[in-house]
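Since the structure comes first, as structure tokens, the remarks are kept for the end.
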Amino acid sequence: MTPASLLSTSVDPSVRLEDLVEREALAELCRNFFSLFGIGVRIYSRSGGLIVDSSSEHDMCGLVNEDTTGRRACSGTVEKVKKTIPEAGVDEIEPCFSGAAYRISAITYEHRSVGRLILGPYLPHGLQEAPETLAEAAPSQSADKLRLALLRMPRAKDETVSRIANHLRAALDLILFSAHKAHLASEMHLVSVRENYRELENKSAQLQVAYDRLRELDRLKSNFLATVSHELRTPLTSIIGYSEMLSGGMAGPLQPEQAQFVETIHEKSEQLLGLIRSLLDLSKLDSGTMHIQRRRVAVLPVLNEVVSTLLPHGRKKGVELKLDVESDLPEVTADPERLRQIMLNLVENAIKFTPMGGTVSVRARVVSTDVPGVEDLGFVLLSGAAPSVEIEVLDTGIGIPAREKKRIFDAFYQVDSSSTREHGGAGLGLSIVKRLVEAHSGTVTVADNAPTGSAFVVRLPTEAVAHE
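Sequential numbering of the sequence shown, starting at 274, is according to the working numbering.
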């Protein structure tokens, strides 16, 4: 069994000999045969293109080509040899007018002809004298000179040339087998790559559709929240107004129990109004319609106002509020109303999760932040540092589990989502804080406040930062 027959896959008719073989390796093989036997080796493709030529011109051929008549005769012989197409397994012997001969063999692979192998010219073993046709082809040359040059050509028996042809075909069969196997592996790899690419394209298209759908749903959700919140705020404002008028006695004096009921209505309405405002803020932040009016803002007055506002709430719950601000704290570039909202949300959240007898501390100081990208350039020692104001809100409350820290800034996410949870809220405060801080080109992080509680750290740049 030949190596070619080991491959069960048929050869693609479009695959050519010149596509499969490595020309330089094949040329080296043919040169070795030529060095051993002195007989020229030429390999042609199925279409007639020359792939390898390891022959050299013999002295006799040179003499004949010096004569015009001989040159024409030689060209005619070469053309006839090149046009000879032997059947598979049957070699054709093409004689030359000089008495030499050419042996032409078919190169087959997987029972299909892929090219031709031509050996020659060589002298048949039994040839002793130059034929008359040699002198007739080159009349300008000396007959003795032509005869001596002819006899210097390599001489070989038919069986020897046949064995040379068989060895060459066997070597070619091995080369074609290896090349075809590599070709098939390459084709299979390309098919696999194309299939994987097609699957990736399909999945990418599906993901794009899902992404577009999610964006549309998110837009509809934001529009719905904005519309509902706006529509709820109008009647709720009336409820708050009327409850204030009732508490003020504008509709007549109230009994103590009635006054308590009206106060509860007013308190819960204010809570609901705060939730609606949070929903509206979240909707504006999502849609990018919230306008941030930046200007130079002193941090200390904002923090004083926040602590003063929430001090009664802290006392009512039994939580102490502390303010610790460095002297000469620089101004930041921010929207004062939004900065106040950030700190109100953080401090109010800290009070909510701090039990009676606990402490909520607000600290502010100046820190240095390395300029992004400078370290990568290797100029750390030569670079300045961009100062930032760091505001910490620390509490001695229940703390935040480590597994929850990555999600506490998500909208509507609550650490305790059970129906019996102790602390109220819709899970919007921290999400709004994060988005507002980032809108000011700042950062907000959460850490532990040993031994108990949490620490929220806000960093705001003191200099204006270009915001896309």
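Every residue, glycine too, gets a C-beta built ideally from N, C-alpha and C.
Keep in mind it's a predicted model, so treat the numbers as computed, not measured.
CB of residue i within 7 angstroms of CB of residue j, strictly
i	j	result
V666	L619	yes
A444	R420	no
N319	G388	According to the sequence displayed, residue 319 carries Arg and not Asn. Yes.
I391	R315	yes
L302	A422	no
A416	A410	no
P734	S661	yes
I664	A637	yes
A373	I366	no
L709	I615	yes
S634	K589	no
I671	F729	no
T669	T632	yes
N338	R344	yes
V598	L617	no
C369	T350	yes
I513	S542	yes
R425	D332	yes
Reduced DSSP category for residue i - H, G, I as helix; E, B as strand; rest coil
i	result
P529	helix
E365	strand
G349	helix
V731	strand
V325	strand
R378	The amino acid at residue 378 is misidentified as Arg; the sequence shows Ser. Three-state result, S378: strand.
A373	coil
V717	strand
I312	coil
A607	strand
L701	coil
L667	strand
V567	One detail in the question is off: residue 567 reads as Arg in this sequence, not Val. Coil at R567, not helix or strand.
A411	coil
A524	coil
E383	coil
E677	helix
G726	coil
L396	strand
L594	strand
Integer Cβ distance of residue i from residue j, believed to fall under 8 angstroms
i	j	result
V325	L299	5 angstroms
I565	D608	5 angstroms
S511	E536	That pair is no contact at about 17 angstroms.
M629	V575	Not a contact, Cβ separation roughly 28 angstroms.
V294	A452	6 angstroms
K430	H398	4 angstroms
Backbone CA spacing between residue i and residue j [nearest angstrom]
i	j	result
N722	H462	57 angstroms
L311	V464	Just to set this straight, residue 311 is Gly in the shown sequence, not Leu. Distance between the alpha carbons of G311 and V464 is about 46 angstroms.
R296	L480	48 angstroms
H740	T716	With a pLDDT of 49 at H740, under the threshold of 50, the modelled position of this residue cannot be trusted; read the value that follows with caution. So the two alpha carbons sit approximately 14 angstroms from each other.
T275	E472	With a pLDDT of only 45 at T275, under the threshold of 50, the placement of this residue in the model should not be trusted; the figure read from the coordinates follows. If I take the Cα positions, the gap works out to 39 angstroms.
R567	E468	54 angstroms
E736	I705	23 angstroms
I538	Y515	10 angstroms
T341	I377	27 angstroms
L396	T381	27 angstroms
E517	L505	18 angstroms
E648	S714	Because the pLDDT of E648 is 42, which lies under 50, any placement of that residue in the model is unreliable, and the number read from its coordinates should be weighed accordingly. E648 and S714: Cα-Cα distance of roughly 20 angstroms.
N475	R488	20 angstroms
D491	E540	32 angstroms
From the options, residue whose alpha carbon lies closest to that of residue i
i	options	result
L546	T507, T582 and R568	T507
R586	A623, I366, D597 and L527	The identity of residue 586 in the sequence shown is His, whereas the question assumes Arg. Looking at the Cα atoms, A623 is the closest of the given residues.
K355	I448, N338, M333 and A379	A379
L509	I549, F497 and R344	I549
N305	Q401, L441 and T342	L441
A720	V501, K353, V731 and D491	V731
I448	P397, D292, Q528 and L493	D292
A675	S727, H539, R344 and K707	S727
D601	D446, V640 and V580	V640
P394	R344, D364, S329 and T357	S329
V579	G525, E610 and H331	E610
S386	Q531, T606, G321 and E677	G321
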